[in-house]
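This report concerns only the one structure given below.
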Amino acid sequence: MQADIEIFSLIQDEFNRQQHGLELIASENFTSEQVMRAMGNVMTNKYAEGYPGKRYYGGCEVVDKSEQLCIDRAKAIFNVEFANVQPHSGAQANAAVMLALLKPGDKILGLDLSMGGHLTHGSAVNFSGKLYQPLFYGVRKEDGLVDYDMMEKIALEEKPKLIICGASAYSRDWDYVRVRAIANKINALVLCDMSHPAGLIAKGLLNSPFEHCHIVTSTTHKTLRGPRGGIILMKTDFENPMGLTNPKGEIRMMSDLLNLAVFPGTQGGPLEHVIAAKAVAFHEIMQDDFMSYSKQVVANAKAMEIAFKELNYDIISGGTDNHLLLIDLRNKNISGKKAENTLVKADITINKNMVPFDDKSPFITSGIRVGVPAITTRGLKENDMKTVVHWIDSILMNTENEQNIAKVKGEINEFMNQFTLYPNWKI
Ligand code: DSN
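Residue numbers (this note's numbering): 1274 to 1700.
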């Protein structure tokens, strides 16, 4: 068979792009070489529909052990009783949770996408907004913080079956106690989608949702720094307060309902190579290095906040508790789209993002989202954040100056060369 030169040369190009650039997309990270090794191997060949010890295919004795190890590690990291490690992504995890807990047409209440929420929390263009009846709370205009009073008012009026907390562009911690208290008033279930800050929660650097939210979902590739994928976690087999039933109409444990909703509800064969890689990432998270990494993420985000403020950037909510910043660029007279497109010319990758109460469309936006998990993995420290912010500012204040863009790009490429991405890289 001929080698696929085209694809492998594109993979090399992508490696070069990642090595040379400043990766500031808040949802991205650089997974370890051993995580990648676990993903690219013979485990990709195996069909294993079902769960460890209960499969629909023979020859699963090895992947049973690997998937069980992954489950056990996930449970240990978050101190929970239940983990399903099969969801192919965070969106799949959320789809399975809703399938398990809701009936089509049931009301769900989540953070508005334009205020920092996520597509799968009820957006009209997503399954969650098409199959269920979405309701939204927002953030407060005066301080950019989640409006729990609004959440409570809507919850009491509309009585949604599910309240969703968690966000993809929110830089502050969550009050899970308040969310649960609101849910208790209407006998609703609470789903926390902790995809963004999961790594910081794992290391105790942010509030834990597990005591208060019935179910917690996450991706595994953001602050958790694993392979792309999703997980569903639960602290205990909560007492199935709504009397939810399985497809046969029998009342079942929530854990059974969740497992059934992943397979066969929304997925077929699990990606056992990715599950092996999730297990490797969880092994890394259990080690002391990951605590230093996570603390550095928080310190870098704080240093970045200070550097942006010194240059009069308008940070939504006034700052950050986690790994990201949401910046309103209206006082700089530049759209999010223009900022993203210009920064990428200097090898700085961020994403345009709507800001709360935005007057521009999602394709233009008034803001950008900036995150530090990836550059922290590369080895950048607090002192480097000022340099990074000055590069960003230099580009944004001179968007038509190609000479300046080329100069900044050169400086970034040289700077990033000090931080070898994958020392043993070979394609
Ligand atoms: N696409 C992810 C993010 O960038 O936050 C959410 O799914």
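For glycine and all other residues, C-beta sits at the position ideal for the given N, C-alpha and C.
Using a threshold of 7 Å, is the CB atom of residue i nearer than that to any non-hydrogen atom of the ligand DSN?
i, result
"SER1300", "yes"
"GLY1522", "no"
"SER1491", "no"
"ALA1389", "The sequence given here places Gly at residue 1389; Ala does not occur at that position. No, since every heavy atom of the ligand DSN falls outside the 7 Å radius drawn around the Cβ of GLY1389."
"SER1444", "no"
"SER1441", "yes"
"GLY1502", "no"
"GLY1417", "no"
"GLY1363", "yes"
Work out the CA separation of residue j and residue i for me, nearest whole Å.
i, j, result
"THR1702", "LEU1530", "Nothing about residue 1702 can be read from this structure; the chain reaches only from 1274 to 1700."
"ALA1471", "TYR1566", "13 Å"
"LYS1476", "PHE1483", "13 Å"
"ASN1460", "MET1658", "45 Å"
"GLU1425", "THR1493", "30 Å"
"ILE1280", "ARG1290", "15 Å"
"GLY1313", "HIS1546", "7 Å"
"ASN1604", "TYR1586", "8 Å"
"TYR1443", "LEU1599", "7 Å"
"LYS1701", "GLU1334", "Limits of the chain in this structure are 1274 at one end and 1700 at the other, which puts residue 1701 out of reach."
"LEU1384", "GLN1285", "39 Å"
"LEU1481", "GLU1675", "The residue asked about is misnamed: residue 1481 is Ser in this sequence, not Leu. SER1481 and GLU1675: Cα-Cα distance of roughly 46 Å."
"GLY1294", "ILE1678", "13 Å"
"MET1515", "LYS1458", "13 Å"
"LEU1297", "PHE1581", "14 Å"
"THR1693", "ASN1367", "36 Å"
"ARG1453", "GLY1411", "17 Å"
Tell me the DSSP bridge mates of residue i?
i, result
"ASN1614", "DSSP lists no partner for ASN1614."
"LEU1598", "VAL1643"
"LYS1380", "GLN1406"
"ARG1328", "GLY1323"
"ASP1587", "ASP1601"
"ILE1488", "LEU1464"
Which first and last residues belong to the alpha helix (DSSP H) in which residue i is found?
i, result
"THR1660", "1655-1669"
"GLY1503", "Where GLY1503 is concerned, there is no enclosing alpha helix (DSSP H), although the beta strand (DSSP E) it sits in stretches over 1503-1507."
"ASN1573", "1561-1583"
"LEU1374", "1363-1374"
"HIS1556", "1545-1558"
Let's see if you can read the secondary structure: which residues bound the beta strand (DSSP E) around residue i?
i, result
"LYS1338", "First-last for LYS1338: 1334-1351, but that is the alpha helix (DSSP H), not the beta strand (DSSP E)."
"ALA1356", "1355-1357"
Give the secondary structure of residue i by DSSP, where H, G and I count as helix, E and B as strand, and everything else as coil.
i, result
"LYS1625", "strand"
"LEU1531", "helix"
"LYS1434", "coil"
"THR1518", "strand"
"VAL1398", "coil"
"ILE1678", "helix"
"ILE1726", "Nothing can be reported for residue 1726, as the shown portion of the chain is limited to 1274 through 1700."
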